[in-house]
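Using the working numbering, the first residue of the sequence shown is number -3, and each one after it goes up by one. Positions of the beta carbon are idealized from the N, C-alpha and C atoms, including for glycine. What follows is a set of notes on a single structure, which appears directly below.
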Amino acid sequence: MDTTTQIIISGLTLGAMYAISTVSLSLIWGALNVLNMAQGALLTLGGYAAYTATAALGLNAPLAIVVTVVAGGLFGVAMYALVVRHMLDREGFEVNVIIATIGIGMVLEAGLQKLYGAYPIRQPLTVEGGFFIGNVYVPFNSVIIVLTSAGLMLVLAAVLARTRMGRAIRAISQNRDAARLMGVPVELVYAQVFALAGGLSAASGIMLSTITTLAPTMGYDPMLKAFIICVVAGLGNVMGALYAAFLLGLFESTVQFALGVRFAFISMLVLVIIVLIWRPYGLFGRTRVTKL
């Protein structure tokens, strides 16, 4: 019973961290049909921004988190305005954006390493203490991560379902040209998508750094797992990505307890292969019918 409780707690914590990063990746794919390869660097930037806001600027935790999320959103908008926007109407822009965001990620990583050094740094926003469920110790930090992730996902779901911006994002994801003909300001909506994705990535970076440590390369593993989760869920399916993140968090936690930590990532890759063979469009994706 204690083992089951530990697996569930660890799985929910992992799923909560993966969910925000995965949804931000899925948002950009759903709207622009491209992968943001700077996702891991944005996550890392969020962790270091929170560290700077608290350690250097002396801001309290809530204000530091707000400042970090806003900074992540602004960086996302800047990345769109300065780089992505100029590639949209060119032939093969999807590949160009992927290559450009790889470059942005490398520049960010090098800049963070130059400013903060290559050695790990402790995140001061970590919440100490915890409580017991039976014989299982549950850190307060894990509870806060799960609750924060759930709150952010509820807000995002409400934005996508009930706001004008959300309806515009969904319209563009279905057919960009038709949305433009109906008067949807496509470029403005793309900027909003990058702002949302940047803010969510920054929040994910804060969560990850409170469990591990800050390092310039800490975004690689979450970005890769976010991509795996997107593939399993179905690329562009935001809500499917959310469900898949928690399912794969529980799956990874179970494998870690049953087989060991070193087998967790391998098992996720095997699971992706099985899913792609069984459902090439993902667990929550839908096939597209093309009329000739």
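Query                                                                                                      : Result
Whole-number beta carbon distance between Ser138 and Gly42, since they are thought to touch under 8 Å      : The Cβ separation is near 19 Å, so there is no contact.
Beta-bridge pairing of Phe127 - partner residues as DSSP gives them                                        : Val134
Beta-carbon proximity list for Lys287, same chain, < 8 Å, skipping 5 on both sides                         : Residue confidence for Lys287 is low, a pLDDT of 39 falling below 50, so the modelled location carries little weight and cannot support an answer.
Alpha helix (DSSP H) segment containing Arg166, residue limits                                             : 160 to 170
Collapsed DSSP secondary structure at Leu305 in the structure displayed                                    : The chain is shown from -3 up to 288; residue 305 falls before or after that span and cannot be answered.
Identified DSSP bridge partners for Ile117                                                                 : Leu210
Whole-angstrom C-beta distance between Thr250 and Ile3, which should lie under 8 Å                         : 5 Å
Whether Leu10 touches Gly245 by CB criterion (7 Å)                                                         : yes
Stretch-stretch touch, CB-based, cutoff 8 Å, three pairs: the segment 107 to 125 with the segment 44 to 63 : yes
Where the alpha helix (DSSP H) containing Tyr277 begins and where it ends                                  : That residue, Tyr277, is in no alpha helix (DSSP H); it is neither H nor E in DSSP.
Close beta carbons around Val79, own chain, < 6 Å, minus the five adjacent residues each side              : Ala96
Three-way DSSP call (helix, strand, coil) for Met178 in this model                                         : coil
Which listed residue (Ser263, Val234, Glu248) has its alpha carbon closest to that of Ser22                : Val234
Three-way DSSP call (helix, strand, coil) for Met33 in this model                                          : coil
Host alpha helix (DSSP H) of Asp217 (start-end)                                                            : 216 to 229
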